[in-house]
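Everything on this sheet refers to the single structure shown next.
Numbering (this note's numbering), first residue to last: 674 to 1192.
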């Protein structure tokens, strides 16, 4: 993964042991209650029942990040061998299971292919280098073994946990498992941020498919997906009854994951029943695909939606009823095939297209090997419309640059970082692109922001945006008062004031940079 080259070294074991002492397990530095982990820990019976349904012969289970060892204890109670590993002497000393051991997860004291099941429940987000831990988990797993775990889905995890140093969206973890050569199935169970995954070899697909939205089994759900697209229900749907589900919250949501680096052409059809007095709107992210009004369609039936060009990463299909109606969905069919990024780029709002096209022209001449798009969320509140990598094609003599993006807004894409991500500490890139961002930085922080760009840029900075001038301010005032009065971004332009071009140029020149201005 492109992001892997930034991953920092794991703190020494002593630091981690002090971090995960009694205070962590009794809520002082975690989300656990003051009653402590023994009161809050999961009930592992259902998971063990599920694992035995996949592997009736049981096998050896290794629980990584085992805490008090309750999962290993439950598995051994079924009559099978189990071992729990954790970095916390405090947690291990409280466990009732004798088969627990102290270990970091980046270097497991176990031989290759020695485990039938490896578990990683609620531990990946605590690791500075989770990709090494995943590789170690795969190393000790037998060829027909299963890897299972859970971690928060970052865009939906709103609680701050100071020990969570590596929260990432679903697309990141799916990409990480794919790069290990593993097949993966996942779901969001009970709460939005609870991302659960099951992974194994190609020959294990028939077992992986038993991980369903809110049940374990072979009964088909309402989603039918063909091609590389993954489609998964979000929480808020009623139970599967006679092949149908009812949404319990509005809008009802279906998660769509494009795991490729290029867009997917997706055809969608719905089989629904809905009262004839209600309307139904279907959209992906903020793009409306269908707006079915009362009387315009039969009460129930199949609706074919316009084809969608879906960018790389995770997105949402929203189903909205007005007024909220008791309707049912019996089938959602999705057919996906590889698409071209050119129509995707051309379909963006003109200002987004223009700024990225000009930056891409500069990158094509300068040919950076690595590129960071600072403030590079190409989209709106409901999801991203493209990613920066869609624009940056290879130059005349080089391969496509490695492109990462970062922004204050979270983006469900494996190569996206949050602005304050610790992975950016000490990192440098051949080129840093920063488009229409400086005007959204408060004036007293702009100098520090420009210095931050200099720290990240190894060779070039491409900085673009509206700078203060009578013509620009007149145009922006016209937009604010008419067409775009509700746009938060334009309101921030007025609140903070537009930066002036010459002071920005002088700032870089004083730091020893050559500055070229072009319209």
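Glycine is no exception: its CB is placed at the ideal position from the N, C-alpha and C atoms.
Note that the structure is a prediction, hence the values are computed from the model and not measured.
Kindly provide the ranges of any alpha helix (DSSP H) runs that are 4 or more residues long and lie completely inside the stretch 1001-1082, ordered along the chain. Qualifying alpha helix (DSSP H) stretches, in chain order: 1014-1019, 1023-1039.
Pull up the distance between the alpha-carbon of residue 1179 and that of residue 1123, whole angstroms please. Residue numbering aside, residue 1179 sits at position 506 when the chain shown is read from its first letter. Residue numbering aside, residue 1123 sits at position 450 when the chain shown is read from its first letter. In a straight line, the C-alpha of residue 1179 is about 11 Å away from that of residue 1123.
Within 10 angstroms of the Cβ of residue 878, are there 16 or more other Cβ atoms? Answer buried if so, exposed if not. Here the question's residue 878 lines up with position 205 in the chain shown. Under this definition residue 878 is an exposed residue.
Tell me whether residue 1107 is buried or exposed, calling it buried when 16 or more other Cβ atoms sit within 10 Å of its Cβ. Here the question's residue 1107 lines up with position 434 in the chain shown. Buried is the call here.
DSSP three-state call for residue 1100: helix, strand or coil? As a working mapping, residue 1100 is identified with position 427 in the chain shown. For residue 1100, the three-state secondary structure derived from DSSP is coil.
Contacts around residue 1055, its chain only, beta-carbon distance under 6 Å, and the 5 residues preceding and following it disregarded: Along the chain shown, read from residue 1 onward, the residue named residue 1055 stands at position 382. The residues are 958, 959.
Apart from the five residues just before and just after residue 864, which ones in its own chain have a Cβ nearer than 7 Å to its Cβ? In the chain shown, counting from the first residue as 1, residue 864 sits at position 191. Excluding sequence neighbours, residue 864 sits near 908.
Excluding sequence positions up to five away, which residues of its chain have a Cβ less than 6 Å from the Cβ of residue 1100? If you number the chain shown from 1, residue 1100 lands on position 427. In chain order, 679 place their CB closer than 6 Å to the CB of residue 1100, counting only its own chain and leaving out the 5 sequence neighbours on each side.
Whole-angstrom distance between residue 800 and residue 1149, CA atom to CA atom: Counted from its first residue, the chain shown places residue 1149 at position 476. Counted from its first residue, the chain shown places residue 800 at position 127. Those two C-alpha atoms are separated by around 46 Å.
Assuming residue 1075 contacts residue 1096 (C-beta within less than 8 Å), just tell me the rounded distance between them. The count along the chain shown starts at 1 and reaches residue 1075 at position 402. The count along the chain shown starts at 1 and reaches residue 1096 at position 423. Between residue 1096 and residue 1075 the Cβ distance is about 14 Å, and since that is not below 8 Å, they are no contact.
Separation of residue 1091 from residue 1002, as counted between CA atoms: Working through the chain shown from its first residue, we reach residue 1002 at position 329. Working through the chain shown from its first residue, we reach residue 1091 at position 418. Per the coordinates, the alpha-carbon of residue 1002 lies some 36 Å from the alpha-carbon of residue 1091.
Between the Cα of residue 1042 and those of 1103, 1094, 782, 1012, spot the shortest distance and give me the residue it belongs to. Translated into positions along the chain shown, residue 1042 becomes position 369. The shortest Cα separation from residue 1042 among 1103, 1094, 782, 1012 belongs to 1103.
Stretch pair the stretch 983-994 + the stretch 934-943: three plus CB contacts closer than 8 Å: Of all C-beta pairs linking the stretch 983-994 to the stretch 934-943, three or more are shorter than 8 Å, placing the two stretches in contact.
Taking 8 Å as the cut-off, decide whether the C-beta atoms of residue 764 and residue 699 are in contact. Within the chain shown, residue 764 is the residue found at index 91, counting from 1. Within the chain shown, residue 699 is the residue found at index 26, counting from 1. For the 8 Å CB-CB criterion, residue 764 and residue 699 do not form a contact.
Buried or exposed (CB count within 10 angstroms, at least 16 for buried), residue 955: Position 282 of the chain shown, counted from the first residue, corresponds to residue 955. Its Cβ being crowded by 16 or more others within 10 Å, residue 955 is buried.
If distances are taken between C-alpha atoms only, which option among 1165, 920, 1120, 1152 comes closest to residue 1183? For the purposes of this step, residue 1183 is identified with residue 510 of the chain shown, where counting begins at 1. If we check each option's Cα against that of residue 1183, 1120 comes out closest.
Could you tell me which residues DSSP pairs with residue 1089 in its beta bridges? Locating residue 1089 in the chain shown gives position 416, counting from the first residue. 1078, per the DSSP bridge assignment.
Would you mind giving the Cβ-Cβ distance between residue 841 and residue 827, rounded to the nearest angstrom? I have them listed as a contact below 8 Å. As a first step, residue 841 must be located in the chain shown, where it is residue number 168. As a first step, residue 827 must be located in the chain shown, where it is residue number 154. The distance from the Cβ of residue 841 to that of residue 827 is about 5 Å, consistent with a contact at the 8 Å cut-off.
Using 8 Å as the threshold, is the C-beta distance between residue 1113 and residue 1173 below it? As a working mapping, residue 1113 is identified with position 440 in the chain shown. As a working mapping, residue 1173 is identified with position 500 in the chain shown. Not in contact: residue 1113 and residue 1173 (Cβ atoms no closer than 8 Å).
Which residues share a DSSP beta bridge with residue 928? For this step, residue 928 is matched to residue 255 along the chain shown. Residue 928 is bridged to 905, 989.
Using 8 Å as the Cβ pair cut-off and three pairs as the minimum, do the stretch 779-789 and the stretch 730-741 touch? Touching, yes, given that three or more Cβ pairs across the two stretches are closer than 8 Å.
Between the stretch 848-857 and the stretch 866-881, do at least 3 Cβ pairs fall closer than 8 Å? The way I'd put it, the stretch 848-857 does touch the stretch 866-881; three or more beta-carbon pairs between them come closer than 8 Å.
Is the stretch 888-903 in contact with the stretch 937-951, if contact means three or more CB pairs nearer than 8 Å? The stretch 888-903, when compared against the stretch 937-951, does touch it at the 8 Å Cβ threshold.
The beta strand (DSSP E) with residue 825 in it runs from where to where? Position 152 of the chain shown holds residue 825. Annotation for residue 825: the continuous beta strand (DSSP E) segment containing it runs 814-825.
If residue 668 sits next to residue 920, beta carbons under 8 Å apart, how far is it from one beta carbon to the other, in whole angstroms? In the structure displayed, the chain extends from 674 to 1192; residue 668 sits before or after that span and is not available.
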